[in-house]
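Asker: First the structure, which I've put down as structure tokens, then a few questions once you've had a look.
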Amino acid sequence: MNFSAVNPIGYSLYMRYMDEHPCWTFIASALAFCIIGTIGIASNGAVIYVTIKTKKLHGTTFVLLALTSAFELVHLCGEYLFLYVALSGQNFIDYQLAVQICAPSVFAVELISPTMLFIGIDRLISVTFVNFYKTVKLFPYIGGMLFISALHSALVIYPIFITAYKTPTMKITGFIGDLFQGDLVKQMLQIGLYLNIATIFVYIVTGLKIRTQLTANSTTSAQSNKRIFNSICLIVFFNVGGYFVQKCVRLIIVPEFISSPVTVWFVLLIAGIPLMISASSNAFILYFSSSRYRTAFGTEWTKLRSIIGIGPSLNNHHTNNNNAQIMLPMTTVNRINANIVSPQIQQRI
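Just so you know, the sequence shown maps onto residues 2 to 350 in the working numbering.
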């Protein structure tokens, strides 16, 4: 299959930069993405960790948020291929090899949009069908959502593998956005855009429902739903917003307004920066917007500092308290003995 016909953008980029060694444009771009990605890996890892360790975060919404962070973590790991290819001086890598290396990242990134939609549906169910929500079984409930998300992801990655089989030596930079090639990829990206729009719609409906409940009564449950919803809305704004912008640029702005293939690639690269920032922001948003997560992060951070020795040890704190309790009666006894012995010594003198 003709490289220039399958991927005209990649072909033009290859002809422009194939002999530039080192290519500082690629190196600088890859470094920027990997710096953001490294922060994102730590951030999303923290969300996963505190969710596992904190029993109060074992509800369906919190588990779905942790799964979203897990998908983002795997997605961000794929960005390091771009950096490796740029730093190695190759500038480009065979498409088939890149797909084999980054398949988990591509699969994970396509799980995120449907999962974010299901988080919105979960919140809507929690405020609409309260009794059902209280009796829901965690594993079948989450499992069904994951199955549908995985089906969507598989439909996206399938044409990518077909293209990799047909054009194994097609050259790409290693940038994860370059992996989305194939006849059906555009249609699947459109479906992803519709999922983002559906997610926004579900959150609007859920927000109106919660507002109606608060107007009718200000119970503890209604207030709790409002706080959780506000936190998740911020994540949706950043997370879904990043993917929404990227898809709009790829599907609408680029075809209509940009003709130069090399310029198109750089526009898509720049459009990936908001997506990277959104993918890295979950822990920060949850920390500053949710007291429940803030407490969980604080507790686990204190434990971690104690373990690695950069903070007061909990065991030492308890030991010091015990020693203080033991020393107090001993000091009292010594004082009593001193009062008894002193007159005897004085008589001998």
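We treat Cβ as the ideally placed atom computed from N, Cα and C, and that holds for glycine.
This one's a predicted model, so the numbers in the text were calculated from it and none came from an experiment.
Give every residue of the same chain whose Cβ lies closer than 6 Å to the Cβ of residue 111, excluding the five residues on either side of it in the sequence, and list them in chain order.
Answerer: 154 and 157
Asker: So within the region 76-122, which uninterrupted alpha helix (DSSP H) runs reach at least 4 residues, ignoring any that extend past its ends?
Answerer: 81-88
Asker: Take residue 328 and list the residues in its own chain whose beta-carbon comes closer than 7 Å to its own, dropping the five residues that flank it on each side.
Answerer: The predicted position of residue 328 is uncertain, since its pLDDT is 44 and thus under 50; a value taken from the coordinates is nonetheless stated next. Hits under 7 Å: none found.
Asker: Can the beta-carbon of residue 120 be found less than 7 Å from the beta-carbon of residue 65?
Answerer: Yes, they are a contact pair.
Asker: Grouping DSSP H, G and I as helix and E and B as strand, with all else coil, what is residue 192?
Answerer: helix
Asker: Here's a check: name, in chain order, each residue in its chain whose Cβ is nearer than 7 Å to the Cβ of residue 137, leaving out the five neighbours to either side.
Answerer: 61
Asker: Spatial neighbours of residue 76 within its chain, please: C-beta separation below 6 Å, excluding the five flanking residues on both sides.
Answerer: 106, 109 and 110
Asker: Unbroken alpha helix (DSSP H) runs of length 4 or more, entirely within the region 241-326: which are they?
Answerer: 255-258, 262-280, 283-290 and 292-309
Asker: Do the region 304-311 and the region 264-272 make contact, defined as three or more Cβ pairs closer than 8 Å?
Answerer: With contact defined as three or more Cβ pairs closer than 8 Å, the region 304-311 and the region 264-272 are not in contact.
Asker: According to DSSP, is residue 135 helix, strand or coil?
Answerer: helix
Asker: Rounded to whole angstroms, what's the CA-CA distance from residue 82 to residue 99? Just pull it up for me.
Answerer: 8 Å
Asker: Kindly indicate which residue of 127, 159 and 200 has the alpha-carbon position closest to the one of residue 118.
Answerer: 200
Asker: Do residue 92 and residue 73 come within 7 Å of each other at the CB atom, strictly closer than that value?
Answerer: no
Asker: Figure out for me which residue from 127, 191 and 54 has the closest Cα to the Cα of residue 214.
Answerer: 127
Asker: Using a Cβ-Cβ cutoff of less than 6 Å, which residues in the same chain neighbour residue 336 once the five nearest sequence positions on both sides are dropped?
Answerer: Since pLDDT at residue 336 reaches only 45, below the 50 mark, its modelled position is unreliable, and the value read off the structure follows with that caveat. Here the set comprises nothing.
Asker: Apply the 10 Å Cβ neighbour rule to residue 90 and answer buried if 16 or more other Cβ atoms are within range, or exposed otherwise.
Answerer: exposed
Asker: On the DSSP bridge list, what partners appear for residue 57?
Answerer: Paired residues: none, contrary to the question.
Asker: Where does the unbroken alpha helix (DSSP H) through residue 9 begin, and where does it stop?
Answerer: 9-18
Asker: Would you mind giving the Cβ-Cβ distance between residue 227 and residue 211, rounded to the nearest angstrom? I have them listed as a contact below 8 Å.
Answerer: 5 Å
Asker: Cutting at 7 Å between CB atoms, please list the residues of its own chain near residue 19, excluding the five before and the five after it.
Answerer: Excluding residues within five positions, the ones whose Cβ falls inside 7 Å are 92 and 93.
Asker: State the Cα-Cα distance for the pair residue 16 and residue 5, rounded to the nearest angstrom.
Answerer: 10 Å
Asker: Going by DSSP, what residues sit across from residue 173 in a beta bridge?
Answerer: 94
Asker: Whether or not the region 45-56 and the region 279-288 are in contact is what I'm after, with contact meaning three or more pairs of Cβ atoms, one per stretch, closer than 8 Å; do they touch?
Answerer: yes
Asker: Looking at C-beta atoms only, is the number of pairs between the region 27-42 and the region 185-196 that lie closer than 8 Å three or more?
Answerer: Touching, no, given that fewer than three Cβ pairs across the two stretches are closer than 8 Å.
Asker: Relative to the C-alpha of residue 69, which candidate in 263, 233 and 251 has its C-alpha closest?
Answerer: 233
Asker: Rounded to a whole number of angstroms, what is the C-alpha to C-alpha distance between residue 88 and residue 26?
Answerer: Rounded to the nearest whole angstrom, the CA to CA distance from residue 88 to residue 26 is 11 Å.
Asker: Classify residue 168 as helix, strand or coil using the three-state DSSP reduction.
Answerer: coil
Asker: Given a cut-off of 7 Å on the beta-carbon distance, is the pair residue 164 and residue 182 in contact?
Answerer: yes
Asker: In the structure shown, what three-state DSSP assignment does residue 181 receive?
Answerer: coil
Asker: Would you decide whether residue 253 is buried or exposed? Buried here means 16 or more other CB atoms lie within 10 Å of its CB.
Answerer: exposed
Asker: As a quick exercise: from 22, 43, 302 and 34, pick the residue whose alpha carbon is nearest that of residue 84.
Answerer: 34
Asker: Figure out for me which residue from 104, 145 and 101 has the closest Cα to the Cα of residue 122.
Answerer: 145
Asker: Helix, strand or coil: which one does DSSP assign to residue 23?
Answerer: In this structure, residue 23 counts as coil in the three-state DSSP scheme.
Asker: What separation, rounded to the nearest whole angstrom, lies between the Cα atoms of residue 129 and residue 264?
Answerer: Between residue 129 and residue 264, the C-alpha separation is close to 48 Å.
Asker: Nearest to residue 208 by CA position, among 54, 63, 125 and 55, is which residue?
Answerer: 125
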